[in-house]
Amino acid sequence: MDGSDRVFDDRTPGVEEQESTASVLSYTAGLGLAILATIGSFVVSQTNLLWPPGIPVGLVVLAFAQIGVHLVFFLHLGSAPDNTNNILALAFGVLIVFLVITGSIWIIANLHANMMP
Amino acid sequence: MTIATLDRVPTGVPTEFARGRGGGGPAPKRIVVAYGFWIFILSDFVMFSGLFAAYAVLSGNTAGGPTGSELFNLRNVFIETMCLLLSSYTCGLGALSAERRQPGRFLIFAAFTFVLGAAFLFIEASEFAGMVAKGAGPSRSGFLSGFFTLVATHGVHVTSGLIWLTYLVAQVVVKGLRPPVLRRLLCWSLFWHALDIVWVGVFTLVYLMGDFR
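Chain order of the listed sequences is A and B.
Letter by letter, the first sequence follows residues 5 to 121 in our numbering.
Letter by letter, the second sequence follows residues 3 to 215 in our numbering.
Below you can see the structure in the form of structure tokens.
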């Protein structure tokens with residue numbers, strides 16, 4: 005057995021490898037990390053643990069961390085070569101989401117600043 | 003060379019020989035189905051990004067009405083978040099049991115998922131009802147229009163996820179865990195996990211950022 009019987013398949017998010025305990029473990033690890041990130045967000049927003057003007061940045065960082073945990077542990081997106089299609093599609097989605105949200109905020113803030121009082 | 007070795011590619015062969023990229027024949031049906039559904043989910047994210055942008059732009063425009071910190075109850079939001087997160091977990095375990103052809107365990111996890119999702123919806127609905135009763139309905143200010151549109155669209159997604167789950171449970175009971183049913187379950191679990199990702203954005207942007215300000 006030199007590993008030559010491994011099949012390269014395209015994988016999709018949500019699809020399991022065949023090992024049984026590893027998958028339950030992956031979901032449980034994901035749940036634990038997501039709970040940590042959630043509690044972290046609520047604590048950061050309600051206390052002065054962070055320097056107050058930095059709280060929004062901290063919340064955004066925690067949200068991105070939690071979204072990453074969900075993608076990796078629940079949707080099983082990874083960096084394996086057989087996952088390339090899913091990652092490319094996700095990258096395009098992230099690009100569009102980023103353009104829509106930051107573009108809207110930027111344009112409207114500019115408009116707001118130039119509005120007659 | 004036996005048939006079993008024909009569709010196998012040795013390790014070390016680069017990915018252009020992987021199945022689904024022309025090297026080893028077409029990808030299996032469940033791969034194609036789930037990839038197509040993944041594209042749909044990404045388009046759903048793009049739609050939500052429009053609603054997030056609208057809320058972010060409108061969130062300061064309270065028109066003299068109540069602000070977020072006067073309306074939001076973070077304890078309820080935390081319970082909602084935990085309901086959705088745990089339902090995502092039980093959904094994953096349910097999908098796992100279905101893959102392993104354990105219909106009994108699948109039905110138990112599906113029941114947990116349904117109850118947790120329904121609890122989420124109940125808390126959200128009572129929050130909405132309380133806000134409307136206080137005169138803070140969607141027509142009160144731009145902030146509240148954006149709030150209700152964003153959060154209720156997510157709630158509608160959760161509702162349709164629960165209806166879809168009921169329908170799939172009926173299929174599992176009647177037809178058993180056959181490959182077409184398994185593919186539908188896979189799509190549904192992707193949808194449910196995706197809703198939890200959207201909720202991370204909602205509780206961060208709407209509730210937490212709205213409350214500490």
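Positions of the beta carbon are idealized from the N, C-alpha and C atoms, including for glycine.
Because the structure is a prediction, the values reported are computed rather than measured.
Give a yes or no on whether the minimum CB-CB distance between B/D213 and chain A is below 8 Å.
-> Answer yes: the Cβ-Cβ gap between B/D213 and chain A drops below 8 Å somewhere.
Supposed close pair B/F208, B/L146 - CB separation, criterion 8 Å = First, the amino acid is wrong: residue 208 of chain B is Val here, not Phe. Actually they do not touch by this definition, with Cβ atoms about 11 Å apart.
Quick one: Cα of B/F150 to Cα of A/A67, how far?
-> Computed Cα separation, rounded: 21 Å.
Can you list the residues of chain B that A/P57 reaches, using a CB-CB cut of under 9 Å?
-> Residues of chain B passing the Cβ test: none, with the nearest at roughly 11 Å.
Taking C-beta pairs closer than 8 Å, name the residues in chain A that B/I199 reaches, listed in chain order.
-> I71, H74 and L75
Indicate whether B/V200 and B/F50 have their beta-carbon atoms separated by less than 8 Å.
-> Going by C-beta atoms, B/V200 is nearer than 8 Å to B/F50.
Mind pulling the chain B residues with CB within less than 8 Å of A/L63?
-> T206, L210 and M211
Residue ranges of each alpha helix (DSSP H) run of no fewer than 4 residues wholly in the stretch 14-90 of chain A, ordered along the chain?
-> 24-50 and 59-73
Among A/S108, A/G36, A/A41 and A/S30, the one whose alpha carbon lies nearest that of A/L63 | A/A41
Under 7 Å by beta carbon: chain E residues contacting B/G94 = Within the model displayed, chain E is absent; protein chains A and B are what it includes.
For B/G203, return the contacting residues in chain A, with the cut-off set at a CB-CB distance below 9 Å.
-> A67 and I71
Does the beta-carbon of A/M120 have 16 or more other beta-carbons within 10 angstroms, so that it is buried, or is it exposed?
-> exposed
For B/V204, the first and last residue of its enclosing alpha helix (DSSP H) = P181 to V204
Touch check for the stretch 59-77 of chain B and the stretch 163-170 of chain B: three-plus C-beta pairs under 8 Å?
-> The stretch 59-77 of chain B is not in contact with the stretch 163-170 of chain B.
For B/M84, the first and last residue of its enclosing alpha helix (DSSP H) | L76 to E101
Taking C-beta pairs closer than 7 Å, name the residues in chain B that A/G97 reaches, listed in chain order.
-> L44, F47 and V48
For my contact list, A/I109 and B/A58 are in at a C-beta cut-off of 8 Å; report their separation, rounded to the angstrom.
-> Right, the Cβ-Cβ distance comes to about 5 Å (below 8 Å), so this counts as a contact.
Does DSSP put B/S162 in a helix, a strand or coil?
-> helix
Cα-Cα, which of B/G212, B/L197 and B/M211 is closest to B/L86?
-> B/L197
Interface flag, A/P60 vs chain B, CB-CB below 8 Å | yes
Compare the C-beta of A/A117 with all C-beta atoms of chain B and state if any pair is closer than 8 Å.
-> no
Output the boundary residues of the alpha helix (DSSP H) element that contains B/T115.
-> P105 to A135
Name the two residues that bound the continuous alpha helix (DSSP H) containing B/G52.
-> K31 to L60
Where A/S83 meets chain B, residues with beta-carbon distance less than 9 Å | Near A/S83 there are no residues of chain B at all, since even the closest Cβ is about 12 Å away, more than 9 Å.
Could you tell me whether the Cβ atoms of B/G148 and B/L60 are closer together than 8 Å?
-> yes
Proximity below 8 Å, CB of A/L81 to CB of B/L192 | It is not a contact, given that the beta carbons lie outside the stated cut-off.
Could you give the distance in angstroms between the alpha-carbon of B/V174 and the alpha-carbon of B/P181?
-> 11 Å
Would the beta-carbon of B/A100 fall within 8 Å of that of B/L187?
-> The Cβ atoms of B/A100 and B/L187 sit closer than 8 Å to each other.
Could you give the distance in angstroms between the alpha-carbon of A/V47 and the alpha-carbon of A/G34?
-> 20 Å
Would you kindly work out how many angstroms separate the C-alpha atoms of B/A135 and B/V183, rounded to a whole number?
-> 43 Å
Using a Cβ cut-off of 8 Å (strictly closer), state whether A/L35 contacts chain B.
-> Yes, contact with chain B.
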